[in-house]
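When you line the sequence shown up against this note's numbering, it's residues 1021 to 1149, in that order.
By construction, the Cβ of each residue, glycine as well, lies at the ideal position given by its N, Cα and C atoms.
What follows is one structure encoded as structure tokens, with my remarks underneath.
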Amino acid sequence: MSIIDIVLFIAYSISFICALLLIAALFLYFRKRFQVRVVSLFMLAVFFFLGAYTVNMAVAFWIRFSTSGSDAVLSSLQSEAWAIAQTCTTVGLVILTLLMYTKCQDFFLVLSGIRKGRDPHADSDSGFK
1021 MSIIDIVLFI AYSISFICAL LLIAALFLYF RKRFQVRVVS LFMLAVFFFL GAYTVNMAVA
1081 FWIRFSTSGS DAVLSSLQSE AWAIAQTCTT VGLVILTLLM YTKCQDFFLV LSGIRKGRDP
1141 HADSDSGFK
């Protein structure tokens, strides 16, 4: 292993671990928000981006440190996995950029489930029935 491989290994590892920790924290956030039935659209976009980025880092790890030779099937799988992961990461960044520049960071989705005796269009926090 060269010095660049060691530096990349450390950088990929730190990025991957941080992304996993952020996803775990967001999972706890979403668990509370889904119970209240109101979720931030911006936070959903962040969650999607972090998920795609984590997959992207895992694929980068796999490609960079795979020990196989020039297996055409493995190379094709790695290339396709990288394309999918990078596309999802890019879509996540585009969504976050659009939300930021249209000043829509404070949009919330009200998840009104169809329950017995409840109007599915009523806001749960409005106090009106």
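query: For Val1130, which residues does DSSP report across the bridge?
result: For the purposes of this step, residue 1130 is taken as residue 110 along the sequence shown, with counting starting at 1. Paired residue(s): Val1058.
Minimum C-alpha distance to Asp1126 - residue among Ile1026, Ala1065 and Val1056: In the sequence shown, residue 1126 corresponds to position 106, counting from 1. Measuring from the Cα of Asp1126, the nearest candidate turns out to be Ala1065.
task: Compute the Euclidean distance between the alpha carbons of Arg1051 and Val1058, then round it to the nearest angstrom.
output: Translated into the one-based positions of the sequence shown, residue 1051 becomes position 31. Translated into the one-based positions of the sequence shown, residue 1058 becomes position 38. If I take the Cα positions, the gap works out to 11 Å.
- prompt: Going by beta carbon distance, what residues of the same chain come within less than 8 Å of Leu1040, once the five residues before and after it are set aside?
  reply: As a working mapping, residue 1040 is identified with position 20 in the sequence shown. Thr1074, listed in sequence order.
query: Which of the three DSSP states, helix, strand or coil, is assigned to Asp1025?
result: Within the sequence shown, numbered from 1, the residue matching residue 1025 stands at position 5. Helix at Asp1025.
task: Please go through the same chain and pick out, in chain order, the residues whose beta-carbon is closer than 6 Å to the beta-carbon of Val1093, but skip the five residues on each side of it.
output: Locating residue 1093 in the sequence shown gives position 73, counting from the first residue. Nothing listed; no residue qualifies.
query: Using a Cβ-Cβ cut-off of 8 Å (strictly less than) and excluding sequence neighbours within five positions of Leu1061, which residues of its own chain qualify?
result: Counted from its first residue, the sequence shown places residue 1061 at position 41. Answer for Leu1061: Leu1119, Cys1124, Phe1127, Phe1128 and Leu1129, listed in chain order.
field: Distance between Tyr1032 and Ser1022 (C-alpha atoms, nearest Å)
entry: In the sequence shown, counting from the first residue as 1, residue 1022 sits at position 2. In the sequence shown, counting from the first residue as 1, residue 1032 sits at position 12. Cα to Cα, the separation comes out at about 15 Å.
field: Burial state of Lys1149, where buried means 16 or more other Cβ atoms lie within 10 Å
entry: Numbered from 1 along the sequence shown, position 129 holds the residue referred to as residue 1149. With a pLDDT of only 39 at Lys1149, under 50, the local geometry of the prediction cannot be trusted, and the value read off the model is given with reservation. The residue is exposed, with fewer than 16 neighbouring Cβ atoms inside 10 Å.
query: Buried or exposed: which applies to Leu1131, given that a residue is buried once 16 or more other Cβ atoms fall within 10 Å of its Cβ?
result: Walking along the sequence shown from the start, residue 1131 turns up at place 111. Exposed: under 16 other Cβ atoms inside 10 Å.
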